[in-house]
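Written below as structure tokens is the structure these notes are about.
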Amino acid sequence: MLELEHRFRVVDVSVRLSPIDDSDTSRGLTITPDRLEREMHQAGITRSIVFPPSRAGTSYVAPNNGVARRSVDRPFVAFARINGTQTPGRNATGRLRNAVRQRTDHHTSPSDIEKYAYDDRFHGFVLDPTVDGYPDDDVLAALEDVDLPVIVRGGVDAPPETLASLLLGRSFPVVVGRFGGHPLNQPLMNEMIDLLGVYDDCYLETSFVRYREQLERALFEHPDRVFFGSGAPACHPNVAVMEILTLDVSEDLLRRAFSKNACRVIDVLTPDSGP
Numbered sequence: 001m002l003e004l005e006h007r008f009r010v011v012d013v014s015v016r017l018s019p020i021d022d023s024d025t026s027r028g029l030t031i032t033p034d035r036l037e038r039e040m041h042q043a044g045i046t047r048s049i050v051f052p053p054s055r056a057g058t059s060y061v062a063p064n065n066g067v068a069r070r071s072v073d074r075p076f077v078a079f080a081r082i083n084g085t086q087t088p089g090r091n092a093t094g095r096l097r098n099a100v101r102q103r104t105d106h107h108t109s110p111s112d113i114e115k116y117a118y119d120d121r122f123h124g125f126v127l128d129p130t131v132d133g134y135p136d137d138d139v140l141a142a143l144e145d146v147d148l149p150v151i152v153r154g155g156v157d158a159p160p161e162t163l164a165s166l167l168l169g170r171s172f173p174v175v176v177g178r179f180g181g182h183p184l185n186q187p188l189m190n191e192m193i194d195l196l197g198v199y200d201d202c203y204l205e206t207s208f209v210r211y212r213e214q215l216e217r218a219l220f221e222h223p224d225r226v227f228f229g230s231g232a233p234a235c236h237p238n239v240a241v242m243e244i245l246t247l248d249v250s251e252d253l254l255r256r257a258f259s260k261n262a263c264r265v266i267d268v269l270t271p272d273s274g275p
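Numbers 1 to 275, taken from full-length UniProt numbering, label the letters of the sequence shown in order.
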């Protein structure tokens with residue numbers, strides 16, 4: 001594919017990287033780190049946050065370490081995927097279930113959070129509530145102590161209201177993936193954009209958001225809160241970049257979405273820290 005030419009520095013906050021070899025296709029499209037690096041280069045993306053795919057009922061220690069190894073000497077920034085024991089149940093049964101449910105060996109513990117935070121290979125965390133559940137109070141406290149960004153996959157199974165009650169408003173930055181409305185749920189996206197006016201340390205990333213109205217609204221109303229995310233390899237990064245380039249917004253807003261906003265929150269993405 002031809003390289004996509006544009007005059008913006010682009011950093012990507014949403015890239016799935018397989019921690020094992022290319023023969024593993026059990027979780028959908030899987031490509032090698034070399035091919036992923038080439039595709040990012042073709043799209044003009046200079047730095048990418050990468051993390052392993054979500055897998056129910058398994059520990060993420062080995063996949064996280066695999067992603068960190070495959071990021072060495074590449075323009076990749078490893079984030080550690082975490083999981084939890086809690087469900088968003090609000091009734092008495094749900095609260096009781098959460099109260100009695102204990103962490104097992106495959107659940108992320110507070111000590112795991114500390115180890116990832118002080119391991120210079122990792123620069124933040126990723127959570128898919130639909131598969132991973134939500135952290136318990138002890139893990140949330142550890143996340144607040146280390147104060148690293150957390151990228152959370154939002155959508156119909158992890159709606160804005162639930163994310164607000166369980167994650168937002170804490171001391172660490174929260175980047176809500178897919179505008180909080182995956183798959184293509186415009187009302188949820190609008191609800192998530194509304195919450196940007198309530199929570200100061202909440203941000204949105206653009207992967208799999210196919211609606212110009214919501215993308216442009218978020219950039220106009222909250223120009224400092226939108227981060228570019230491609231959703232690669234499920235979505236080709238060229239396509240994701242072009243969707244942002246074709247918005248009817250100023251070059252300043254494009255620069256903010258493509259890199260300035262994310263670099264302000266995630267230091268390792270700045271030009272001084274890498275390509």
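Heads up, the beta-carbon is just placed ideally off N, CA and C, and yes, glycines get one too.
Because the structure is a prediction, the values reported are computed rather than measured.
Beta bridge pairing from DSSP links Asp-12 with Ser-48.
In the DSSP assignment, Val-226 is bridged to Leu-204. Your pair Phe-172 and Leu-143 checks out as a contact, with CB atoms roughly 5 angstroms apart and the cut at 8 angstroms. Cβ contact annotation for Tyr-211 (same chain, cutoff 8 angstroms, sequence separation greater than five): Leu-184, Gln-186, Met-189, in chain order.
When secondary structure is reduced to three states using DSSP, His-41 falls in the helix class.
Assigned with DSSP and collapsed to three states, Leu-4 falls in coil, not helix or strand. With 16 or more other Cβ atoms inside 10 Å of its own Cβ, Asp-112 counts as buried. Only exposed fits Arg-69, as fewer than 16 other CB atoms lie within 10 angstroms of its CB. A Cβ-Cβ separation of about 10 angstroms leaves Met-40 out of contact with Pro-233 under the 8 angstroms criterion. By the criterion of at least three beta-carbon pairs nearer than 8 angstroms, the stretch 250-258 is in contact with the stretch 209-227.
Judged by their CB atoms, Ile-193 and Asp-132 are not nearer to each other than the 8 angstroms cut-off. For Arg-81, the secondary structure class from DSSP, reduced to helix, strand or coil, is strand.
Ranking Ala-141, Gly-177, Ile-151 by CA distance to the CA of Arg-170 puts Ala-141 first.
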